[in-house]
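With this note's numbering applied, the sequence shown covers 2 to 157.
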Amino acid sequence: MIQTSTYNLSPRAYFRIIVENRLRRFWWLYILMIIFCLSSLDRFGEDSLITTYIIVSAVYLPTLIIYLYFWATSQKNQNLFIPHYFTVNETMMTSTSEGNFHSEIPLKLIIKTVERESYWLLYIAKSQFIYIPKKVFMSQEDQATFRMLVAGNRNN
């Protein structure tokens, strides 16, 4: 059985994760928008459709990032930022947060595991993930065991 130390996801880290995920998923779209805008700059102001497209494209990504920031830090998401710790065994992850609130998640419900440099994202739905920083494990051995458990139970 593995037990992590207590940690919490900060609103800033959550915002960074969702922006990074969005950019990783749709990078090709943003590149195409930029290429088309740059190639159409000579017609800016002359063609109303091109002018509108360039303006919308220039405003879209900054507006999206601002929207994601306000969404990530909204009151609806405050439960994500409560300090908690996980206990993990071969079949189950148990989250215990302030006030001894327990939540059990069978490992077989993890549909995707994403390992980044300093954390894991364990997806239980397409847009719902569990954030676990690597630094919360008591030892490298616990971290290796956790990696093996989540890799062995995911349904990719």
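Glycine is no exception: its CB is placed at the ideal position from the N, C-alpha and C atoms.
By the Cβ rule, the segment 79-98 counts as touching the segment 107-116, because three or more pairs are nearer than 8 angstroms. For residue 146, same chain residues with a beta-carbon under 7 angstroms away, outside a window of 5 residues either side, are 3 in chain order.
Here residue 96 carries a strand assignment [DSSP, helix/strand/coil]. Secondary structure note for residue 49: its alpha helix (DSSP H) is the uninterrupted segment 49-73. Here residue 42 is exposed: its Cβ has fewer than 16 other Cβ atoms, across all protein chains shown, within 10 Å. In the DSSP assignment, residue 21 falls outside any beta strand (DSSP E) and lies within the alpha helix (DSSP H) extending over 12-40. Counting the other Cβ atoms within 10 Å of the Cβ of residue 87 gives 16 or more, which makes it buried. The beta carbon of residue 44 sits closer than 7 angstroms to those of 51, all from its chain and outside the five residues before and after it, given in chain order. Here residue 149 is actually not in contact with residue 6; their C-beta atoms are around 20 angstroms apart, not less than 8 angstroms. The residue among 81, 75, 27 with its C-alpha nearest the C-alpha of residue 61 is 27. Taking C-beta atoms as the reference points, residue 15 and residue 59 fail to come closer than 8 angstroms. Rounded to the nearest angstrom, the Cβ distance from residue 69 to residue 20 is 6 angstroms, consistent with a contact under 8 angstroms. The closest CA to that of residue 132, considering only 119, 46, 33, is found on 119.
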